[in-house]
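Enquirer: Protein sequences, first through last, are from chains P and U. For the first sequence, the UniProt record's numbering puts the final residue at 233, and the numbers step up evenly by one. For the second sequence, the UniProt record's numbering puts the final residue at 247, and the numbers step up evenly by one. Encoded as structure tokens, here's the structure I'll be asking about.
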Amino acid sequence: MPTYFEKKQLVTPGEMLAEGDYLAGKNTYAENSKIYASRIGLADCNNKQVNVVALRSFYFPKVGDVVIGTVLEVGFNGWTVDIKAPYTALLRASDVLSRPFKPQNDELSQVLIGGDLIVAKIASYDRAHDPQLTVGEPGLGKITRGQIIKVTPSKIPRVIGKKGSMISMIKKETNCQIILGLNGVILVTGKNPDNEELAIAAIQKIENESHTSGLTDRITQFLKEERGKTGGK
Amino acid sequence: MNEKPEKLINKKGIRLDGRKADELRPVKLEVGILPNADGSAYIEHGKNKILAAAFGPREMHPKHLSRPDRMVLRCRYHMAPFSVGERKSPAPSRREIELSKVIRESLEPSLFLEYYPRTGVDVFIEVLQADGGTRCASITAASLALADAGIPMRDLVVACAAGKVEDKVVLDLFDTEDKVGSADVPVAFMPNLNAVTLLQMDGQLTPDEFEKAVSMAIGGCRKIYELQKEALKTKYMLIEPEEEDEE
Numbered sequence: 001m002p003t004y005f006e007k008k009q010l011v012t013p014g015e016m017l018a019e020g021d022y023l024a025g026k027n028t029y030a031e032n033s034k035i036y037a038s039r040i041g042l043a044d045c046n047n048k049q050v051n052v053v054a055l056r057s058f059y060f061p062k063v064g065d066v067v068i069g070t071v072l073e074v075g076f077n078g079w080t081v082d083i084k085a086p087y088t089a090l091l092r093a094s095d096v097l098s099r100p101f102k103p104q105n106d107e108l109s110q111v112l113i114g115g116d117l118i119v120a121k122i123a124s125y126d127r128a129h130d131p132q133l134t135v136g137e138p139g140l141g142k143i144t145r146g147q148i149i150k151v152t153p154s155k156i157p158r159v160i161g162k163k164g165s166m167i168s169m170i171k172k173e174t175n176c177q178i179i180l181g182l183n184g185v186i187l188v189t190g191k192n193p194d195n196e197e198l199a200i201a202a203i204q205k206i207e208n209e210s211h212t213s214g215l216t217d218r219i220t221q222f223l224k225e226e227r228g229k230t231g232g233k
Numbered sequence: 001m002n003e004k005p006e007k008l009i010n011k012k013g014i015r016l017d018g019r020k021a022d023e024l025r026p027v028k029l030e031v032g033i034l035p036n037a038d039g040s041a042y043i044e045h046g047k048n049k050i051l052a053a054a055f056g057p058r059e060m061h062p063k064h065l066s067r068p069d070r071m072v073l074r075c076r077y078h079m080a081p082f083s084v085g086e087r088k089s090p091a092p093s094r095r096e097i098e099l100s101k102v103i104r105e106s107l108e109p110s111l112f113l114e115y116y117p118r119t120g121v122d123v124f125i126e127v128l129q130a131d132g133g134t135r136c137a138s139i140t141a142a143s144l145a146l147a148d149a150g151i152p153m154r155d156l157v158v159a160c161a162a163g164k165v166e167d168k169v170v171l172d173l174f175d176t177e178d179k180v181g182s183a184d185v186p187v188a189f190m191p192n193l194n195a196v197t198l199l200q201m202d203g204q205l206t207p208d209e210f211e212k213a214v215s216m217a218i219g220g221c222r223k224i225y226e227l228q229k230e231a232l233k234t235k236y237m238l239i240e241p242e243e244e245d246e247e
């Protein structure tokens, strides 16, 4: 029951990764008790489970994901939201108002209009229905300030780092609040624009250098140097 | 080369463009060259120059074309007006519509269509210069574009043709051989799964010749497959991680 790859080896779709008693993990599939890669990425084996960390992928909704989306349209009893997924998401008016929605009393366009950005959680999604969003939890809802940056969805785990080490370090160093949308959209809110710019520069650095080791240390270094330049704000 | 040449293969068994019977034209592949597309690829197969761009998965428009149980793959094969000797009308011809269908059907078995219901993926194939065997080169490029778009697939699809010229079975016909020769057999193939996804024939071959042509074409496919993998990897060589940490 061998595997046919070295750790972190770059594999292409269709490449046979393992044979026999293995489980097909992320971005792989099993056929005739053989495991093949289904995306270009880096192969890895964890406890008999073969995974490929995809280098190219797109966001696909999953229940419980926190995403950042743009309101597209005000509908009859809710909004349609672009969450950079293959489907447009729905946000129901009753969820936002946290009481039953009465069309004669409530004017939806006074709450959210097209172009507004929201942080939301995916409440439900299945093959037959478009994803439904909810904002009924702390930290979710309309975005009123801050800056938005977009990264490839597969790079989000790298921005989080091991057990959140990277993201908490950036938050601490730049004094910014950062919300990561799993769809690859990141919201940075700071006390002043300089801090936000700094956090954005750090995240962009992570996206470009996500392959290198010791990144957390280098980002710390980078942030300290940059802060030194601006007079330690 | 509009005049019909006297001999397509000389006494030494060398073809008009200097190749041996079982030799491919030079193939050059490049991945991810169109920043506006989700995935893209460019192929130079002999004198063929073809661009392929993939978009999606995204919501299907028009909506009624979407399927509740699977993703829909749409292909558009198009030849630029300047791609052939005589200006080709830019309107889609009968042949282009047929090739679009044939290419779509040869790519479909490689994708996990059932994973992404109600969505659509579009592949646009633009032939910039044509010199025989464009459908095969298009399939090779389109499959790379899909892989570059991050769409999960069973295997890359690679295609190559074989045919009969001057009573001899030869690999990878170019334009003149295709037009003057007596048969052409394009084959699309998934090498790791050992599965043929496209098999066509025009012209006449004996059963023996046909089998020889198919095995020759598959041999050509395997060679191009190596280049295809190489091209896909080259784009990411520079960003190969040494360490990956996840939450």
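Cβ atoms here follow ideal geometry from the backbone N, Cα and C, with glycine treated the same way.
1. Name, in chain order, the residues that DSSP records as bridge partners for Cys176 (chain P).
2. Determine the chain U residues that contact Ile40 (chain P) at a beta-carbon separation under 7 Å, and present them in chain order.
3. Quick one: what's got a C-beta closer than 7 Å to Ala231 (chain U)'s C-beta in the same chain, skipping five residues either side?
4. Rounded to whole angstroms, what is the Cα-Cα separation between Ala54 (chain U) and Met216 (chain U)?
5. With a Cβ-Cβ cutoff of 8 Å, do Arg76 (chain U) and Ser100 (chain U) count as a contact?
6. Taking 8 Å as the threshold (beta carbon to beta carbon), is Thr12 (chain P) in contact with chain U?
7. With distance defined between alpha-carbon atoms, name the residue in U:Gly181, U:Thr234, U:Cys136, U:Leu113 nearest to Gln200 (chain U).
8. Can you find a CB in chain P that lies within less than 8 Å of the CB of Glu246 (chain U)?
9. What residue range is occupied by the uninterrupted alpha helix (DSSP H) comprising Met237 (chain U)?
10. What are the complete beta strand (DSSP E) segments, minimum 3 residues, inside the UniProt domain "Exoribonuclease phosphorolytic" (23–152) of chain U?
11. Under the three-state reduction of DSSP, which class applies to Phe76 (chain P): helix, strand or coil?
12. Does the CB of Pro138 (chain P) have a neighbour CB from chain U at under 8 Å?
13. Quick check on the burial criterion: 16 or more other C-beta atoms within 10 angstroms. Buried or exposed for Glu196 (chain P)?
14. Taking its Cβ as the centre, do 16 or more other Cβ atoms sit within 10 Å of Lys172 (chain P), making it buried, or is it exposed?
15. Does Leu29 (chain U) get closer than 8 Å to chain P when you measure Cβ to Cβ?
16. Cα-Cα, which of U:Lys12, U:Thr119, U:Phe174 is closest to Ala130 (chain U)?
17. Between U:Glu44, U:Lys235, U:Arg222, U:Tyr42, which lies nearest to Asn192 (chain U) when the distance is taken from Cα to Cα?
18. Would you say Asp155 (chain U) lies against chain P (beta-carbon separation less than 8 Å)?
19. Could you tell me how far apart the beta carbons of Tyr59 (chain P) and Lys26 (chain P) are, in whole angstroms, since I believe they sit closer than 8 Å?
20. Would Thr197 (chain U) pass as a contact of Ser106 (chain U) if the rule is Cβ separation under 8 Å?
21. Applying a beta-carbon distance threshold of less than 8 Å, which residues of chain P neighbour Tyr116 (chain U)?
22. Would you check whether the ligand GDP has a heavy atom nearer than 7 Å to the C-beta of Ile200 (chain P)?
Expert: Answer, in terms of the structure:
1. P:Gly190
2. Ala147, Leu232, Tyr236
3. Leu29, Glu30, Val31, Leu144
4. 30 Å
5. yes
6. yes
7. U:Cys136
8. Any reading at Glu246 (chain U) is ruled out, since the residue's pLDDT is 41, under 50, leaving its predicted position unreliable.
9. 207–237
10. 27–31, 39–45, 48–59, 72–79, 119–129
11. coil
12. no
13. buried
14. exposed
15. no
16. U:Phe174
17. U:Arg222
18. yes
19. So it is not a contact: roughly 14 Å between Cβ atoms.
20. yes
21. Phe60, Pro86
22. For the ligand GDP, the structure offers nothing, since it holds no ligand at all.
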